[in-house]
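Asker: In order, the protein sequence lines correspond to chains A and B.
Count along the first sequence starting at 1, add 181, and that's the number in our numbering.
Count along the second sequence starting at 1, add 24, and that's the number in our numbering.
Here it is: the structure, laid out below.
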Amino acid sequence: MKDEISVRITGEAGQGVISAGMMLCRMYKESGRHVFAIQDYMSRIRGGNNFFQVRAAGRPVAAPRRQADIIVALDKEAVEANRGALAPGGILLLDAGKFGITQLEAGWVHVPLYALAQEAGGELYANSVALGLLAALTCGAFEGAAKAAAREFAAKGADAAAKNEVAARKGYDYAAGKIKRGDFLLPSAPHERPYLLAGNEALALGVISAGCKFYSAYPMSPSTGVMNTVADYAAKYGIIVEQAEDEIAAVNMAVGAAFAGARAMTGTSGGGFALMCEGLSLAAITETPLVIAIVMRPGPATGFPTRTAQEDLEFALHAGHGEFARAVYTPGSPEECFLAAKRAFNTAERFQVPALILSDQYLAESFTNVAFPDTTGEPPDRGRIISSEAAPETRRYEYSDDGVSPRAIPGRSGALAVADSDEHGPEGHITELAEVRIKMTEKRLRLKLAGLARETLPPTVVNPGAKTMLCGFGSTLGVMREACAAAAGTGFIHYPQVWPFPADATLAALKGAGRVLTVENNATGQLARLIRRETGAQAAGSILKYDGRPFTADELSAALEGGK
Amino acid sequence: MEPKDFNSSDPVAWCPGCGNFGIQSALKTALARLGKPPRELLLVSGIGQAAKMPHYIKANFFNGLHGRALPAAAAAKIANRELTVIVTTGDGDCYGEGGNHFLHNIRRNVDMTVIVHDNQVYGLTKGQASPTTERGIKTKIQPGGVILAPFPPLETALALGCGFVARGYAAEREHLAELILAGIAHKGFSLIDVFQPCVSFNKLNTYDWFSTRVYKVGPEHDVADKSAALALAAQRERLPLGVLYSKPGPAYGELSGLDALPPLVNADLANVDIAPALADFR
Ligand SMILES: Cc1ncc(C[n+]2csc(CCOP(=O)(O)OP(=O)(O)O)c2C)c(N)n1
Ligand code: SF4
Ligand SMILES: [Mg+2]
């Protein structure tokens, strides 16, 4: 028996790779294994090569493996494109007859995938046949696969569910009878992590839970998933989801709705965020709470629409003209995505600032089973609001010690709600006075920043002062955790919030450390620069990856080995 | 209520004689007749001379970015459908920088009244061509004269299915006040394009120029007849004033389900139970 296994299902777009992948995740989760799954897909609707790779284990897993122990290819191209990803001792299952492959290489195993699918009702059931094969080889029981198929096709009707289950059963029986290999079987044990979530879904649930009532956005991969999930629950939770005509409209709508007193946000990726920059600045000067989720993908420009990167850290830190305070959250897991959303709304409203949530395609679209112990944490806090009884002359932008003045809600507060993108005095009207300008800048920038800094989410620190200290933000949390567990003398700092930067906590964690390395999905080491700028500590180097793909656990371990 | 109930303490920064004063006075008259207190009104604008209007009227206001009044206004209305939302914007703000929002907010059809101070020039930035500047007008940027064809706002709005399309004139205050009231009464996106002489930068379209060309559309015009409205909107020699088109239709609030919800701003955030949604991910 193995203590973990990675299986990959691959084919062209339209062959049901994702649905097979989701069924695999559920099969493992339901049968007492932990999962971590990544999607690798091309920016096209048909053709090409996509894969879904699921790592299953008897313990929680939080990063992908570089190679797969079992690969199921749904078409001939998939064999070519994925053969290099086969782990030593692994097997590649393919339909030699269907694909016209006469020469099976070492580790390749013929399975009449399409004939079995035909028996179940048609070739489109090939993905469910694959599920059954993997159930036999890795679980040694059919039950999890049956549950997964029933769940996956429930919405498509009883017939679809039944046919898929038949297909899975055919795959299962075939593998149990014809492929005699026991070495892929995984142990199982009941666990308390019952939810299967991708980062985008967790983020959206956080948004809903925070009481967001208005979500305006323009579709852009990989951020669209957040909008989809919010839209799924919009009717149930009384949320208006509006597809804006462009990202400029999206952000200005979010600001308008927030000004009027609803919790509101927008979401996008780098290109769309570029269009939102003026709106970000508008939120800052009008002191309107604004939440933006930025789900990063590689740039410049259109870049790699369906792939991953952490290239926009510095962009998020500096976006928007003028100088103003903001908060930047960088969650590293579905749980952190959920909490970041709730925290971002509270921060945005309490400090009346933009709060950005920086995620990426890898985090957004990789699935893992989580526990979600605390859905009540971070209850909504709307900050200071001018009451309905307040005197009409109450000034909206009154100076205060912490830079925050009570917010007026139009039609609700006793004073009128006013907002101006021009510089304005405490009463909200346009001014050109130098002394007012200075005081307003202090209010929006330094005073608020000081308050925000006192509340920065603390970094997660493992083995402070270790011989090798890794530093990362966002989606590298899982891979750093795994690499550290595998390499003695290694520790890490993970930042769930990078701005205001937790300088003291960083210096404390790095005290006595040997070498410091940042781990980043970009080409320039943006986090290393940020750490140096904010603490003076210079990382010895950075482990960088900028091919549009996430780090794998093996890759990071190898990089650490190599650097010794 | 009286027009003076909407007086603002903010000193006005427009040039003496500017057409904006006429619009301001008409707007105050209309608001007085509407009878809602300032706290139930929200004025939204972008940037420009026209966009300063919210400072000069006592009401809630959101003076946002150049070109971006419409998305902010639409969303504010969505967030609190109890507010009466009025946008005061310029020809550059609304038809140029914000042109895409103009197109799509007509389609979106949120209930708001959009008053475009159409002075056919960029006033605030000192006299550049705007989308509605006539061909041949010379500016510092176009010393040889503007070569682009002017943007036709009324015809565009009609083509897009806008349910309320009107034209006013800053010098016809009483007439304009009634147009504004009719726009507010219409449920959906109401467009009122207002001829607004800019005494400092528009030397062609002056009060005199307009006085020989404008006329009021009479009662014989059927405001529900779109072809007739299009014919009026297409006139370039004589310039019709009045409601060209008005026809009730389903607005955003009804189509989106918003009207069936309590105003979003009233939502009780303390009791959002995420458990039922989370259960779907088990
Ligand atoms: C993004 C942006 N671009 C340019 C400007 C400069 N600007 C301010 S107002 C304006 C033109 C305003 O024209 P219009 O809307 O017709 O208003 P008017 O002053 O004529 O009433 C321009 C170009 C700006 N404020 N913001
Ligand atoms: S520049 Fe023109 S539009 Fe602006 S205030 Fe002066 S007259 Fe009015
Ligand atoms: Mg103008």
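We treat Cβ as the ideally placed atom computed from N, Cα and C, and that holds for glycine.
Name the chain B residues that come within less than 8 Å of A/T556, Cβ to Cβ?
Answerer: Going along chain B in sequence order, the residues near A/T556 (Cβ under 8 Å) are I298, A299, L302.
Asker: Below 8 Å between beta carbons: does that hold for A/M223 and A/T641?
Answerer: Cβ atoms of A/M223 and A/T641: not closer than 8 Å.
Asker: Mapping the DSSP letters down to three states, classify A/I619 as helix, strand or coil.
Answerer: Looking at A/I619 - three-state DSSP - the assignment turns out to be helix.
Asker: Shorter than 7 Å, the distance from the beta carbon of B/Q48 to the closest heavy atom of ligand 2, or not?
Answerer: No, the beta carbon of B/Q48 sits no closer than 7 Å to any heavy atom of ligand 2.
Asker: Hey, does A/Y418 have any beta-carbon neighbour from chain B nearer than 8 Å?
Answerer: Cβ-Cβ to chain B under 8 Å: yes for A/Y418.
Asker: Does the Cβ of B/Y146 lie closer than 7 Å to at least one heavy atom of ligand 3?
Answerer: Under cutoff, so the answer is yes.
Asker: Are the Cβ atoms of A/Q542 and A/G655 separated by less than 8 Å?
Answerer: For A/Q542 and A/G655, no; Cβs fall outside 8 Å.
Asker: Counting only the same chain and skipping the five closest in sequence on each side, list residues whose C-beta sits under 6 Å from that of A/A522.
Answerer: So the list reads L384, G387, V388, A391, once near-sequence residues are dropped.
Asker: Once you ignore the five residues that flank A/L638 on each side, which residues in its own chain have a CB closer than 6 Å to its CB?
Answerer: Answer for A/L638: P677, Q678, listed in chain order.
Asker: So, at 6 Å on beta carbons, what are the nonlocal neighbours of A/I219 in its own chain, with the 5 sequence-adjacent residues on each side left out?
Answerer: Hits under 6 Å: Q234, P245, S547.
Asker: Which residues in the same chain have their Cβ closer than 6 Å to the Cβ of B/I216, if we skip the five residues on either side of it in sequence?
Answerer: If we look at B/I216 and ignore the five residues flanking it on each side, its Cβ neighbours are I139, A190, G192, L203, G207.
Asker: Return yes when the Cβ of A/L377 is within less than 8 Å of the Cβ of A/N550, no when it is not.
Answerer: In this structure, A/L377 lies closer than 8 Å to A/N550 by Cβ.
Asker: Work out the CA separation of B/K82 and A/M477 for me, nearest whole Å.
Answerer: Answer to the nearest angstrom: the Cα atoms are 43 Å apart.
Asker: Which chain C residues sit within Cβ distance under 8 Å of A/A438?
Answerer: Here the protein chains are A and B, and chain C is not one of them.
Asker: Starting from B/F126, trace the alpha helix (DSSP H) both ways and give me its first and last residue.
Answerer: Run containing B/F126: 123-132, per the alpha helix (DSSP H) assignment.
Asker: In the structure shown, what three-state DSSP assignment does B/E278 receive?
Answerer: Three-state DSSP puts B/E278 in a helix.
Asker: Please tell me whether, using a cut-off of 7 Å, the distance from the CB of B/N143 to the nearest non-hydrogen atom of ligand 1 is below it.
Answerer: Yes, the beta carbon of B/N143 sits closer than 7 Å to at least one heavy atom of ligand 1.
Asker: For chain B, is any of its Cβ atoms less than 8 Å away from the one on A/Y399?
Answerer: No - not a single Cβ of chain B is within 8 Å of the one on A/Y399.
Asker: Quick one: using the 10 Å Cβ neighbour count with 16 as the cut-off for buried, is A/D685 buried or exposed?
Answerer: Label assigned to A/D685: exposed.
Asker: For ligand 1, is there any heavy atom lying closer than 7 Å to the beta carbon of A/S462?
Answerer: A/S462: no, Cβ never under 7 Å from ligand 1.
Asker: Should B/F225 be listed as close to ligand 2, given that the test is whether its C-beta is under 7 Å from any heavy atom?
Answerer: Within the cutoff, so yes.
Asker: Between the alpha carbons of B/V296 and A/Y418, how many angstroms are there, rounded?
Answerer: In a straight line, the C-alpha of B/V296 is about 8 Å away from that of A/Y418.
Asker: Between B/L184 and B/F219, what straight-line distance do the alpha-carbon atoms span, to the nearest angstrom?
Answerer: One C-alpha to the other measures close to 22 Å.
Asker: Give the residues from the region 46-70 of chain B that approach chain A closer than 7 Å (Cβ to any Cβ), ordered along the chain.
Answerer: Taking 7 Å as the Cβ-Cβ cut-off against chain A, the residues of the region 46-70 of chain B that qualify are P62, R63, E64, L66.
Asker: Are B/G116 and B/S69 touching if we call contact CB-CB under 8 Å?
Answerer: No, they are not a contact pair.
Asker: Please determine, among B/P243, B/I102, B/R92, B/P264, the residue with the shortest C-alpha to C-alpha distance to A/M457.
Answerer: Checked all of B/P243, B/I102, B/R92, B/P264; the closest Cα to A/M457 is B/R92.
Asker: State the beta-bridge partners of A/V472 as determined by DSSP.
Answerer: A/M446, A/A536.
Asker: Taking Cβ-Cβ distances shorter than 8 Å, what residues in chain A pair up with B/P272?
Answerer: Simply none; closest approach about 22 Å.
Asker: Based on Cα-Cα distance, which residue from B/A201, B/G72, B/G43, B/T137 lies nearest to B/L148?
Answerer: Taking only the C-alpha atoms, the option nearest B/L148 is B/G72.
Asker: Give, in chain order, every residue of the region 363-376 of chain A whose Cβ lies closer than 9 Å to some Cβ of chain B.
Answerer: Result list: P375, Y376.
Asker: DSSP beta-bridge partners for A/C652?
Answerer: For A/C652, which the question treats as bridged, DSSP gives the partners A/I674, A/T699.
Asker: Contact criterion: CB-CB distance below 8 Å. Does B/F30 meet it with respect to chain A?
Answerer: Not closer than 8 Å to any Cβ of chain A, the Cβ of B/F30 fails to qualify, so no.
Asker: Taking 7 Å as the line, does the beta carbon of B/S10 fall inside it for any heavy atom of ligand 3?
Answerer: This structure leaves residue 10 of chain B out entirely; chain B is present only between 25 and 306.
Asker: Identify the continuous beta strand (DSSP E) that holds A/Q424 and give its terminal residues.
Answerer: Counting along the chain, the beta strand (DSSP E) containing A/Q424 begins and ends at 421-424.
Asker: Excluding the 5 residues flanking A/G729 on each side, which residues of the same chain have their C-beta closer than 7 Å to its C-beta?
Answerer: So the list reads P479, F485, R488, T489, A490, once near-sequence residues are dropped.
Asker: At a Cβ threshold of 8 Å, is B/E106 touching chain A?
Answerer: Cβ-Cβ to chain A under 8 Å: yes for B/E106.
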